[in-house]
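First the structure, in the form of structure tokens, and then the observations on it.
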Amino acid sequence: MSRIASRFAALKQQGRGALIPYVEACDPDYETSLALLKGMPGAGADLIEVGMPFSDPSADGPTIQKAALRGLRGGANMPRVLEMIAEFRRDDHDTPIILMGYLNPIEAYGHERFCADAARAGVDGLIIVDVPPEEGDLLRGPAAANGLDIIRLVAPTTPDARLPVVLNGASGFLYYVSITGVTGTRTASTDELAVAIPRLRAVTDLPIAIGFGIRAPAQAANAVRAADAAVVASALLNTLEGTLDADGNATAQTVDSVLSHLRELADAVHAARV
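In full-length UniProt numbering, the protein residues as written are 1 to 274.
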């Protein structure tokens, strides 16, 4: 059983949902992002998404766009991202890691090489935002050969007839993009989730994570009551950005502030029995 499947199975036995925070590699520098990554499990993260900085993150709102640019300025490239995961794995063999990003850097690196090196570094799953299911064969074979889950995205506008196409080859969990638009904007209402999640439950046994727009602890708690996991990205990145100095460098408050914010979210999620 994969680390992702094992973690969701354990949480289901405990009767609670998962918190999945996001960290952008090398934002604002390698050492700070690595410290955040290493600190997240102790602050309440159940799984972790690591963003692969890209110059044109078309699905992401201003907050993640700025984080990606900071990451690129901080020296991010594919080998550096994978080095960061490998360093995390020296001390943590259990927390699932999902790489989230776009196809261009993977194309430049090479599909098979990327999947092999990602698995070797300790990656468990991939969310490649701009690869539609119809193009999924680009990574499906190399990912399967290296034990990597391909995590698919479903939107509020995805029609029922398309769901089998999206789910074909999906594994790990299903990522429900809870709003129409980019990350970090509005939040889906409880009523909207009450309609959307049962529709997905009817066609898949995969755990369902809700992302795009979850900012406050109460929203994260509502998400895990409706589904299996809450993904929080922009809210944590806003906290990080607020601690940077005038030149965009990390300060003594950066890591502690982000992890403190994460603990608040985790407390709410872990108290929301399902």
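In this text, a Cβ means the ideal position worked out from N, Cα and C, and glycines have one as well.
All of these numbers come straight from a predicted model, not from anything done at the bench.
{"Check": "Using the Cβ count rule (16 or more neighbours within 10 Å means buried), how would you classify SER55?", "Outcome": "exposed"}
{"Check": "Give the C-beta separation of ALA250 and ASP91 to the nearest angstrom, bearing in mind that I take them to be a contact with Cβ-Cβ under 8 Å.", "Outcome": "Contact flag wrong, Cβ pair sits at about 21 Å."}
{"Check": "Checking 9 Å against the spacing of the C-beta atoms, do LEU72 and PRO41 come in under that value?", "Outcome": "no"}
{"Check": "Please determine if the segment 152–159 and the segment 104–111 are in contact, where contact requires at least 3 C-beta pairs separated by less than 8 Å.", "Outcome": "no"}
{"Check": "Please go through the same chain and pick out, in chain order, the residues whose beta-carbon is closer than 8 Å to the beta-carbon of HIS261, but skip the five residues on each side of it.", "Outcome": "ALA235, LEU236, THR239"}
{"Check": "Please state the DSSP three-state secondary structure of LEU206.", "Outcome": "coil"}
{"Check": "Quick one: using the 10 Å Cβ neighbour count with 16 as the cut-off for buried, is ASP27 buried or exposed?", "Outcome": "buried"}
{"Check": "For residue 347, does the three-state DSSP call read helix, strand or coil?", "Outcome": "This structure leaves residue 347 out entirely; the chain is present only between 1 and 274."}
{"Check": "When you compare only the Cα positions, how much space is there between ALA5 and GLY242?", "Outcome": "35 Å"}
{"Check": "Do you know how far the Cα of LEU265 is from the Cα of ALA143?", "Outcome": "31 Å"}
{"Check": "What separation, rounded to the nearest whole angstrom, lies between the Cα atoms of GLY184 and PHE212?", "Outcome": "Model confidence at GLY184 stands at a pLDDT of 42, short of 50, so the residue's coordinates are unreliable and nothing is read from them."}
{"Check": "Please give the ranges of any beta strand (DSSP E) in the segment 65–117, keeping only runs that are unbroken, at least 3 residues long and fully inside the region.", "Outcome": "97–101"}
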